[in-house]
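>
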Amino acid sequence: MTDLNILSCNINGLNGPHKRTGFLDFLRRRKIDIVLVQESHLKEEDVHRCNNKFYEVVSHSSSDTKTKGVLILVRRTLNITILDKGCDTDGRITHIKTIVENRNIVFISVYAPCTPDPTFFSVLSTYLLKFSDFEIVLGADTNSVMSHILDRSGPKESHSQAFCSDKLRQCVTSASLVDSWRLINPSAKSFTFFSATHKSYSRIDYIFISTSLSSAVRDADICSLSLSDHDGNLCRLSLIPRPSRATRWRFNPKLLQDENFCSQFRNKFAEFIEINQGSVDDPRTLWNAVKGFIRNNSISYASFLQKKRHKKIAELESQLQNLTRDNQRCFSDSTLSKIMAVRSELNSLLRSRAEFLIQRCRQNYYFQGSRPSHLLALRIRNSEKFANISAVKSQSGLIMTDPKDINISFHSFYSNLYTSSAVGDPDSFTSFLSNLDLPRLSDSDSDYLAEPITLQELESAIRSMNKGKSPGLDGIPVELYSTFWSDLGPLMLDMINFSVTQGSFHPSINIAVISLLLKKDKDPTSCSSYRPLSLIGTDVKLYAKVLSRRLEKFMNRLVHHDQTGFIKSRSASDNLRRLYHIINSTNSSSSPCAVLSLDAMKAFDQLEWNYLWAVLQHLGLGSSFINMIKVLYFNPAASVLTGSVCSNPFFIHRGTRQGCPLSPLLFALSLEPLAQAVRRSQTISPIIIRNTQHHISLFADDILLFLEKPSHSIPHVLNLFDHFGSLSGFKINWSKSCLLPLNSKFDPTSLSASIPLVQNFKYLGINVFPSLQEILSKNYNSILSKISSDLENWSRLPTSLQARISVIKMNVLPRINFFSSMIPLPPPVGYWNKLDACVSRYIWNGKRPRIKLTTLQRSRLHGGLSLPNFRLYAQAFSLRPLSVWFDPDASVSWRAIEESIVYPYKLKHLVFSGVPLRQCKSRFGPIVTHLLSTWRDVERRLQLVTIWHKHSPIFHNNNLLSGNTPFHCPQWTHHKVNTLGDIYNDSGLQSFQNLKTQYNLPGTSFFMYLRIRSALRAYGVPWNSQLPIHPLRKLILPSEEFPSSASVIYLFLLEHSYKPLSITTVWAKDLNEDVHVLFSDQIWGMFKLSSKNPNQPNDSLEIAA
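Under UniProt numbering, think of the first position of the sequence shown as 1, with each following residue one higher.
#1: Would you say the segment 123–133 touches the segment 163–179, given that touching needs at least three Cβ pairs under 8 Å?
#2: Quick one: is Gly397 buried, meaning 16 or more other Cβ sit within 10 Å of its Cβ, or exposed?
#3: Starting from the Cα of Lys602, find the closest Cα among Ala572, Pro636, Ser528 and Leu579 and give me that residue.
#4: Report the residue from Arg76, Val928, Cys262 and Pro868 whose alpha carbon sits nearest the alpha carbon of Ile897.
#5: Assuming Asn297 contacts Ser647 under a Cβ cut-off of 8 Å, what Cβ separation, rounded to an integer in Å, is found between them?
#6: At the level of alpha carbons, what is the spacing between Asn52 and Leu234?
#7: Using only alpha-carbon positions, find the residue among Ile843, Trp485, Leu42 and Asn347 that is nearest to Leu256.
#8: Within 8 Å of any Cβ in chain B, is that where the Cβ of Arg218 sits?
#9: Quick check: the Cα distance between Ile108 and Ala753, rounded to an integer number of angstroms?
#10: Mind checking whether Leu517 and Ser470 have CB atoms under 8 Å apart?
#11: Please identify the residue among Asp605, Asp326 and Asp443 whose C-alpha is closest to the C-alpha of Asn416.
#12: Closest to Ala638 by C-alpha separation, out of Val645, Ser644 and Pro649, would be which residue?
#13: Among residues of its own chain, excluding the 5 on either side of Lys731, which ones have a beta-carbon nearer than 6 Å to its beta-carbon?
#14: Give me whichever residues DSSP pairs with Ser84 in a beta bridge.
#15: Please determine, among Phe120, His974, Ser526 and Leu867, the residue with the shortest C-alpha to C-alpha distance to Leu1051.
#16: Compare the beta carbon distance of Leu436 and Ala677 with 8 Å and say whether it is the shorter of the two.
#17: Between the Cα of Val217 and those of His230, Arg182 and Gly232, spot the shortest distance and give me the residue it belongs to.
#18: Measure the alpha-carbon distance for Gly489 versus Tyr481 and round it to whole angstroms.
#19: Taking 8 Å as the cut-off, decide whether the C-beta atoms of Asn978 and Pro953 are in contact.
#20: By DSSP, does Gln998 sit in helix, in strand, or in coil?
#21: Would you list, in sequence order, the uninterrupted alpha helix (DSSP H) runs of no fewer than 4 residues that lie entirely inside the segment 5–75?
#22: Out of curiosity, what's the CA-to-CA distance linking Gly91 and Lys68?
#23: Just to confirm, is the Cβ distance from Leu910 to Ser933 under 8 Å?
#24: Kindly give me the distance between the Cβ atoms of Lys467 and Ser591, rounded to whole angstroms, as I take these residues to be in contact under 8 Å.
#25: CA-CA distance, Tyr365 and Ile703?
#26: Going by alpha carbons, who is nearest to Leu727 out of Asn743, Trp948, Asp84 and Tyr611?
#27: Rounded to whole angstroms, how far is the Cβ of Asn288 from the Cβ of His506, which I believe are closer than 8 Å?
#28: What first and last residue would you give for the alpha helix (DSSP H) that runs through Leu718?
#29: Below 8 Å, how does it come out for the segment 442–459 and the segment 685–695: are there three or more Cβ pairs, yes or no?
#30: With Ile567 as the anchor, note down where its alpha helix (DSSP H) starts and where it stops.
#31: When the Cα atoms are used, what is the spatial distance from Ile805 to Lys19?
#32: Compute the distance between the beta-carbons of His48 and Cys87, then report whether it is under 8 Å.
#33: Just the Cα atoms here: how many angstroms apart are Ile136 and Ala175?
#34: Does Val430 pass the burial test, meaning 16 or more other C-beta atoms within 10 Å, or should it be called exposed?
#35: Return the residue from the list Arg549, Phe432 and Asp521 that minimises the CA-CA distance to Leu458.
#36: Would you kindly work out how many angstroms separate the C-alpha atoms of Leu607 and Pro113, rounded to a whole number?
This is the structure in structure tokens:
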């Protein structure tokens, strides 16, 4: 163990010999080991004057004048290895890379500008990116405060001061640093500087450390320095060698690429089975032995390879030593030749491993460094925030930093959390569920669910599971089972089916490892701020996967479309589209309306199992299938992993595991009775829009209630949820829930419940306001500001053009697409141009663009680099709801609203009905109008305007008029004659007699037929030819032949937006060839094949430019 006393101080000049000597003597007396100095005021040639027999300047940065300047001094007797050092050129930043107790630590001294300069912290953030492999100790005079309340005594901050403080916090957070003094003194006030001008105190001097060093902090103090106008920061670290990760064996998937390993594994496994199969009656015991064989065989093979290499090295070293000794006694040329040969072989063997590692590293950077890969993500991401939990609060409120104490705290928290507190009984469950009219599966459906699991089901499930995921406690990943499925599959099937008959797995395989992930914007020192992810054994997860694949086929029937979480074909965007309609409609409502957003407390972790079994039984899943599920819930256990410490196992008595494939479906089913109770309640008033009622919206446990006359409804809401919570364990934190009034009719004084009233809240990642215009401006402007800041920080990283485009694709595009998909309205004016300018500035590093953005946005097969076109992506997301419009069987929560809004038009006919856009906004509202506007824009820009086609409506069609009004005939509509495709066949317009026979039309409608036929002739629609299918409808409506998604629509829009490249036009003219023939897709594809290096095909752009 090494104790380091670290001092960071602004010394305000060290040019005076007396002050310099006094300062060095102060360091000796206080036994300081490392000193991080700001404002040394020393010029380059004077820095050596700070050296004495006790301390040495190991790194510095000086200004051209006697201003600024930073130093790092180290006690000469300190046992420390300095690997490297560096600095900026402006006298503000310097660092040393060191090894202390086998830990890589970088010490940095920073002096921020006196006048507020937010750009400095952006520069500092980029500077810190260089130390991703090091723990950081950063001493700084920031000239800004981390907290205005705790770190400043004076008046309110100016705008520039507040902005700098915000940038400082962003810098510290992005580097995963913590304030060492605040760690020890979480709520105390103390200051390091007095401003005579403002007559105020502030704490602007800090020592920031990496979160992984938090447990090493033994003391932190602010010490008075009579030699300076600043006080110093003292921090004492007790460093021990960095602990390794928890000792859990994990199979190395790279062994599967070794043919020798696979061959010997199969041979030895066959021997193992021949000896052991039939020796025990319980297949679970045999399966445990199989997993033991897998582990032992893998370890022994890897050990054999290592020992073989080490043995060879030892033999060569011994041979070399003997030959050298012999040659020293009696020199001979032959012996010398042997020495040279042995030495060459030994060097080759020693070098091979290093060459392999170097070659692999270079190859990874060569092949993947510029692609949207994990390797590139490591270069731009913030330092790891969740790998180490540095401190937690005990139940008494004390901060604990010792890793073992932290693990004990989490062990205690989760063992209590997963302890059942059920008070419900079977009669209370029956009484609650029987009044809800819940859907129920048929006997044949429940029989299907309960069928014995087959080998084919298991194999299909394992092929569908994601590779590269962390395995459970046994360390065996899905890749191994997949590779040796023919050997292992039958044994796993026997184990699973036997476990089903016995009602339980072997206790050793039903243990999960809980890995913790900090929730966004939560206190990292609170145990409740972490999301527990259960790492379950692959065999157990595979069993759960089979059950979930069976059950998911019936989820749409069992769960109302109000719930969109975890249900196939449903999306979170459905919830928000419905919410926007409600917000827009209630603004003019005469009744008070509000949205109640509920905050559930540990919803997944507190679900009571007895209640869950009662719900599944009531839904008709059948006792046999429920018993199959209960196998997963028979005495499950878990251990908590925090950093390098793994706790002892504890039993789980409630909750669903976050990480199990079946858990999301079970949770959705468990909440369906609550949602149904809200819908059926006579005392909870829903919001009514055009005769459609809206009660509740759910995405997993994120719940919104739509309330008319909320002061009357909320007491009944409280009673219902409290009763439901007593049965199921689902509890609401009412103090963290919030109520958003939607119109001016709401009277806050009429609300008796203590639910906070808010002006906005966050739902599914979107800030929701009672105005659609506010939702648009606040959300879009916020993400644009964040992206602009991130790109500015990343622009300083040395990355290629291709790497920068990859950053846009894997980081910026998902964020923009999220808002485009969640907000079905046009962004603020000029938004896309601002975003394109921001992206272009990043791609070209602030220089003049050499290639048009539209050229970069072309696909690689068309001479571009696949830079995303955000505007086209937004249009693709805007058109995606048309798949619901075109499909009358689609069941989504907002469909009823839009059907009532567009009446008498039908949704599936509206885009073809020719309604003038100037009328749309007043008749249909902004959401439907935006979709119609996007459709018309795409049709016009892609030159796909087709008025007459199979889907053109006959009735309520502004393009097909009788006189000055559209046709209207309920009689034909009742007989399902709605479009031209209904009255045309392959030969053209059908005769009335054919239509009468086909649709059972009455003879009295012959006059309507004549009127329609006459109108078609007047508009030039041919009678004797087949009508085409609209190309966009075929694209958007999903089918087996044409699967639809936003990405499919985007690619269609992109390829139809290309204009000929100027250079291709010139070449085609010179060579007298057609442009499309000369520059076919294969031509551009050849550039990609010329090299595996992703940067190499940029040559094609030089041609295209």
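From the three backbone atoms N, C-alpha and C, an ideal C-beta is built for every residue, glycine too. Every value quoted in this text rests on a predicted model; they were computed, and no experiment measured them.
Inspection of the coordinates gives the following:
#1: Under the 8 Å Cβ criterion, the segment 123–133 counts as touching the segment 163–179, having at least three qualifying pairs.
#2: The Cβ neighbour count for Gly397, taken over all protein chains shown within 10 Å, is under 16; the residue is labelled exposed.
#3: Taking the Cα of Lys602 as reference, the smallest distance to any Cα among Ala572, Pro636, Ser528 and Leu579 is reached at Ser528.
#4: Considering only alpha carbons, the answer is Val928.
#5: Distance from Asn297 to Ser647 at the Cβ level is roughly 29 Å; contact not present, criterion being Cβ atoms closer than 8 Å.
#6: Looking at the two C-alpha atoms, the distance is approximately 22 Å.
#7: Across the set Ile843, Trp485, Leu42 and Asn347, the C-alpha of Trp485 shows the shortest separation from the C-alpha of Leu256.
#8: Of the chains in the structure shown, none is chain B; there is only one protein chain.
#9: Going by the C-alpha atoms only, they are around 53 Å apart.
#10: It is not a contact, given that the beta carbons lie outside the stated cut-off.
#11: If we check each option's Cα against that of Asn416, Asp605 comes out closest.
#12: By alpha-carbon distance to Ala638, the top candidate from Val645, Ser644 and Pro649 is Pro649.
#13: Residues Met601 and Gly725 of the same chain have their beta carbon placed closer than 6 Å to that of Lys731, with the five preceding and five following residues left out of the count.
#14: The question names Ser, but residue 84 in the sequence shown is Asp. Partner(s): Lys97.
#15: Cα-wise, what sits closest to Leu1051 is Leu867.
#16: Taking 8 Å as the cut-off, the Cβ atoms of Leu436 and Ala677 count as close.
#17: Nearest option by C-alpha distance: Arg182.
#18: One alpha carbon belongs to Gly489, the other to Tyr481, and they sit about 8 Å apart.
#19: Yes. Within cutoff.
#20: Here DSSP, grouped into helix, strand and coil, assigns Gln998 to helix.
#21: Segments of the alpha helix (DSSP H) lying fully in the segment 5–75: 17–29.
#22: So the alpha carbons of these two residues sit roughly 6 Å apart.
#23: No, the Cβ-Cβ distance between Leu910 and Ser933 is not below 8 Å.
#24: With 8 Å as the limit, Lys467 and Ser591 do not qualify as a contact, their Cβ atoms being about 54 Å apart.
#25: For Tyr365, the pLDDT reaches just 42, beneath the cut-off of 50, and the residue's location in the model is therefore unreliable, although a value from the coordinates is still provided. Computed Cα separation, rounded: 45 Å.
#26: It is Tyr611.
#27: For Asn288 against His506, the beta-carbon gap comes to about 6 Å, under 8 Å, which counts as contact.
#28: Under the DSSP assignment, Leu718 falls in the alpha helix (DSSP H) whose first and last residues are Pro710 to Ser728.
#29: In the pairwise beta carbon analysis, the segment 442–459 is classified as not touching the segment 685–695: fewer than three pairs are separated by under 8 Å.
#30: It is not in any alpha helix (DSSP H) - Ile567 carries neither H nor E in the DSSP assignment.
#31: Going by the C-alpha atoms only, they are around 53 Å apart.
#32: In this structure, the beta-carbon distance from His48 to Cys87 does not fall below 8 Å.
#33: Ala175 has its alpha-carbon roughly 9 Å from the corresponding atom of Ile136.
#34: The sequence shown places Thr at residue 430, not Val. Sixteen is the threshold: since fewer than 16 other Cβ atoms of the shown chains lie within 10 Å of the Cβ of Thr430, the residue is exposed.
#35: Here the closest residue by C-alpha is Arg549.
#36: Each residue's alpha carbon lies about 54 Å from the other.
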